[in-house]
């Protein structure tokens, strides 16, 4: 992993950064038994594209302050679904409609055989 910090610590930091900007429906999923790509998914909803962008920016800023840099960030231009990959933690900040449509927490919560 590229991270200097424990993945659980980073996931907790992402959750706090989301809570600071009133992100909604925050879910932290431990996916270590489902994949070796990442350890945790943090998923949250913003109320508008501006809110989604602000939440994602706050996550990136708080991670930067903690010495963490993302491997990649996708979707920042549109603001409907922003994904920030920190290696052991992948953060999804979504608008309400994409969150309902893609239902990623449901996908990742199911056992691999049933996916």
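Residue numbers (our numbering): 13 to 127.
We put the CB at the ideal spot given by N, CA and C, even for glycine.
Treat the numbers as computed from the prediction; the structure is a model and nothing was measured.
Going by other Cβ atoms of all chains shown within 10 Å of its Cβ, with 16 needed for buried, is residue i buried or exposed?
i	result
residue 49	exposed
residue 28	exposed
residue 44	exposed
residue 83	exposed
residue 57	buried
residue 112	exposed
residue 91	buried
Cutting at 8 angstroms between CB atoms, please list the residues of its own chain near residue i, excluding the five before and the five after it.
i	result
residue 22	15, 52, 75, 78, 80, 98, 100, 101
residue 73	29
Give every residue of the same chain whose Cβ lies closer than 7 angstroms to the Cβ of residue i, excluding the five residues on either side of it in the sequence, and list them in chain order.
i	result
residue 40	23, 27, 52, 54
residue 33	66, 67, 70
residue 117	39, 41, 55
Skipping 5 residues on each side, what residues in its chain have a beta carbon closer than 6 angstroms to that of residue i?
i	result
residue 86	95
residue 19	51, 52, 100, 101
residue 108	57
residue 36	57
Starting from residue i, follow the beta strand (DSSP E) in both directions and report where the run begins and ends.
i	result
residue 84	84-86
What beta strand (DSSP E) runs, 3 residues minimum, are completely inside the region 90-118? 93-97, 101-107
Run through the region 13-75 for me and flag every whole beta strand (DSSP E) of 3 or more residues, listed as ranges in chain order. 36-42, 52-58
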